[in-house]
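Asker: Before anything else, here's the structure in question.
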Amino acid sequence: MRKTIANKLYDTETAKPMGNWQRGYESDKGYISETLYLKKTGEYFLHGQGGSRSRYAQRTAPNTWGFGERIIPFSNEEAHAWAENHLTESAFDVVFGDVPDDGRLTSVTLKLRASTAEKLHRLARKDGRQLSEFAEEIIARALD
862 MRKTIANKLY
872 DTETAKPMGN
882 WQRGYESDKG
892 YISETLYLKK
902 TGEYFLHGQG
912 GSRSRYAQRT
922 APNTWGFGER
932 IIPFSNEEAH
942 AWAENHLTES
952 AFDVVFGDVP
962 DDGRLTSVTL
972 KLRASTAEKL
982 HRLARKDGRQ
992 LSEFAEEIIA
1002 RALD
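Going from the sequence shown to our numbering is simple: count from 1 and add 861.
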């Protein structure tokens, strides 16, 4: 599915699926399937789909509902909360890294020059890591 929301493109074909949760069978009216995606820009979004009695149902005619799907942009906190509630512990660790029991993640918003942000994204991808994990390591080294 491909959708533009608030002038941002979300595409399930180009984003990386990070985890999936399903309830029921596709033939069930209450069936739900949700997949958390990570864009190359480091942004998360949820692609949800479901039967005629799910939150993703779409109106097909007056008083008639059918299978539907939707894309929902997620903040880092929303993605973290969704994964915490819908993924196994090992799947969560794959997405967000192993978080120590006493460690808490805090969201920080930074404005960087476009060239710096592009370089940071490129190096994180080259290293096969998430942008937040890569940036945290760089910042931690600089603060030591």
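In this text, a Cβ means the ideal position worked out from N, Cα and C, and glycines have one as well.
For clarity, every value in this text was computed on a predicted model and none was experimentally measured.
Taking DSSP as the reference, what is the three-state secondary structure of LYS980?
Answerer: As a working mapping, residue 980 is identified with position 119 in the sequence shown. Reduced to three states, the DSSP call for LYS980 is helix.
Asker: Can the beta-carbon of GLY911 be found closer than 8 Å to that of SER936?
Answerer: Translated into the one-based positions of the sequence shown, residue 911 becomes position 50. Translated into the one-based positions of the sequence shown, residue 936 becomes position 75. No.
Asker: Could I get the ranges of all uninterrupted beta strand (DSSP E) runs contained in the region 902-952, with 3 residues as the minimum, in chain order?
Answerer: 905-911, 919-922, 925-927 and 929-935
Asker: Indicate, with yes or no, if the ligand MN has a heavy atom lying under 7 Å from the CB of ILE893.
Answerer: In terms of ligand content, the structure shown is empty, and the ligand MN therefore cannot be addressed.
Asker: The beta strand (DSSP E) spanning LEU971 covers which residue range?
Answerer: The count along the sequence shown starts at 1 and reaches residue 971 at position 110. Unbroken run through LEU971: none, as it is neither H nor E.
Asker: Which residue or residues does DSSP assign as beta-bridge partners of THR865?
Answerer: For the purposes of this step, residue 865 is taken as residue 4 along the sequence shown, with counting starting at 1. Note: THR865 sits in a beta bridge opposite LEU870.
Asker: Between the C-alpha atoms of TYR892 and GLU904, what's the straight-line distance to the nearest angstrom?
Answerer: Walking along the sequence shown from the start, residue 892 turns up at place 31. Walking along the sequence shown from the start, residue 904 turns up at place 43. Each residue's Cα considered, the two are about 27 Å apart.
Asker: Determine the DSSP secondary structure at SER993, reduced to helix, strand or coil.
Answerer: For the purposes of this step, residue 993 is taken as residue 132 along the sequence shown, with counting starting at 1. Three-state result, SER993: helix.
Asker: Apart from the five residues just before and just after LYS864, which ones in its own chain have a Cβ nearer than 7 Å to its Cβ?
Answerer: Within the sequence shown, numbered from 1, the residue matching residue 864 stands at position 3. Cβ neighbours of LYS864 beyond the five flanking positions: TYR871 and ILE932.
Asker: How far does the beta strand (DSSP E) with LYS894 in it reach, from first residue to last?
Answerer: The residue labelled residue 894 in the question sits at position 33 within the sequence shown. The question names Lys, yet the displayed sequence has Ser at residue 894. Residues 893-899.
Asker: Look up ARG884 in the DSSP assignment and give the residues it is bridged to.
Answerer: Along the sequence shown, one-based indexing puts residue 884 at 23. Listed as beta-bridge partners of ARG884 by DSSP are ILE893.
Asker: Output the distance between the C-alpha atoms of ARG1056 and ASN881, rounded to the nearest integer angstrom.
Answerer: No statement about residue 1056 is possible, as the shown extent of the chain runs from 862 to 1005 and does not include it.
Asker: Of the residues ARG990, LEU948, LEU971 and SER993, which one's Cα is nearest the Cα of LEU897?
Answerer: The residue given as residue 897 occupies position 36 in the sequence shown. Per the Cα distances, LEU948.
Asker: Would you mind sorting TYR886 into buried or exposed? The rule is 16 or more other CB atoms within 10 Å of its CB.
Answerer: Within the sequence shown, numbered from 1, the residue matching residue 886 stands at position 25. When all chains shown are included, TYR886 counts as exposed.
Asker: Quick one: is MET862 buried, meaning 16 or more other Cβ sit within 10 Å of its Cβ, or exposed?
Answerer: By 1-based counting over the sequence shown, the position of residue 862 is 1. So MET862 ends up on the exposed side.
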